[in-house]
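Asker: Have a look at this one.
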Amino acid sequence: MPLQAVWLSIFHSIAAFNNAGFDALGGGQSLIPYRNDLLLNLVTDVLVIVGGIGFMVILDVGRCRGQFHRMTFHTKVVLSTTAVLLVGGAVLLQLTDHMGWLAALFQSMTARTAGFSSVDLGSMSNAGLLVIMILMFIGASPGSTGGGIKTTTFFVLMQQVRSIFSKRRLGGFHRRLPDGSLSKAATIMLMGLMVVGCGTFALCVLEPQLDFGRLLFEQISAYSTAGLSTGITAELCPASRVVLILTMFIGRVGAVTLLSLWVERPEPTARYTEETITIG
């Protein structure tokens, strides 16, 4: 019916832009029946990407009328990192599971905390699931509707690796990053790994009958608020669901933000003697 089609279109457009991933199609198959529908896939891709790059980037792109060279450093980082992750994820998924380029692009996009799925995740290879877990953990961008450690955090960490080998200062696009960027990015990365690690350990204790890889996937999906699952969510006990609920709350608010609510200490004035240690 036309009215029902309009209602479903509005519902799924909002769910896509907000990276919610809810669908009202029924059957628990998400968008799998429409994996070959070019228009639906591309429109959903655009909505999820626009919602995931952040409102600051959207406003800046509109202000600059799409001219990349006029955009802010933040916008350039977000757009370039998003493009690399989308294309790189699609290529890797095509290599691991041979799902077709349209489905691979859609799955690479939706793994960035969108929550939709056009393939059966439960039937994917371990390599394909690992690719999706990495994409989910990185997530969307700051100020967006998505979760994860954010694309800018990933960019700073990768630039640090590049700067070590190239002997260049931390930065990109002919701009230098502030001195505190690396420490903040490393802290966010470490806190994310700690939350995922502790949550996965709790799930392994509570659900010993389930596969470790699937439990890890469930935990990363909760932390990034992606909402993807390999199909084991309904089998989890109430305690495991509480673990996932807490993980989703931490992932949405941010582990660093939550810690700052309790840790309020003035910076010490004393300075100790500096001494180096061997790292790596």
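With my numbering, letter number 90 in the sequence shown gets 96, and the count goes up by one each step, no holes.
All C-beta atoms in this analysis are idealised placements derived from N, C-alpha and C, irrespective of residue type, glycine included.
Fair warning: this is a prediction, and the values are worked out from it, not measured in the lab.
1) Express the C-alpha separation of ALA117 and TRP13 in angstroms, rounding to a whole number.
2) Going by DSSP, which residues form a beta bridge with GLY178?
3) Helix, strand or coil for ALA276 per DSSP?
4) Using CA coordinates, which residue listed in ARG76, ASP185 and GLY205 is at the minimum distance from TYR229?
5) May I ask you to report which of helix, strand or coil DSSP gives GLN35?
6) Would you grab the beta carbon distance between SER114 and GLY134 for me? Rounded to a whole angstrom, and I think it's under 8 Å.
7) Measuring only the C-alpha atoms, how far is PRO184 from VAL162?
8) For PRO214, which of helix, strand or coil comes out of DSSP?
9) Does the CB of MET139 have a neighbour CB from chain C at under 9 Å?
10) With a threshold of 7 Å on Cβ separation, who are the neighbours of ILE38 within its own chain once the five nearest residues in sequence on each side are excluded?
11) Under three-state DSSP, which class holds LYS190?
12) Are the segment 157 to 173 and the segment 225 to 240 touching, with three or more C-beta to C-beta distances below 8 Å?
13) Would you decide whether GLU213 is buried or exposed? Buried here means 16 or more other CB atoms lie within 10 Å of its CB.
14) Does the beta-carbon distance from GLY149 to MET254 come in below 9 Å?
15) I need the boundaries of the alpha helix (DSSP H) containing ASP66, first residue and last residue.
16) Measuring CA to CA, which of THR81, ILE283 and ASP43 is closest to VAL56?
17) Considering only their Cβ atoms, is the gap separating GLY121 from ALA26 smaller than 9 Å?
Answerer: On the basis of the data shown:
1) 25 Å
2) DSSP output for GLY178 lists ARG181 as bridge partner(s).
3) If DSSP states are grouped into helix, strand and coil, ALA276 belongs with coil.
4) GLY205
5) coil
6) That pair is no contact at about 11 Å.
7) 11 Å
8) coil
9) Chain labels in this structure do not include chain C; a single protein chain is all it has.
10) If we look at ILE38 and ignore the five residues flanking it on each side, its Cβ neighbours are SER123, SER124, VAL125 and ASP126.
11) helix
12) no
13) It counts as buried.
14) No, these two residues do not count as a Cβ contact at 9 Å.
15) Per DSSP, ASP66 belongs to the alpha helix (DSSP H) from 61 to 69.
16) THR81
17) yes
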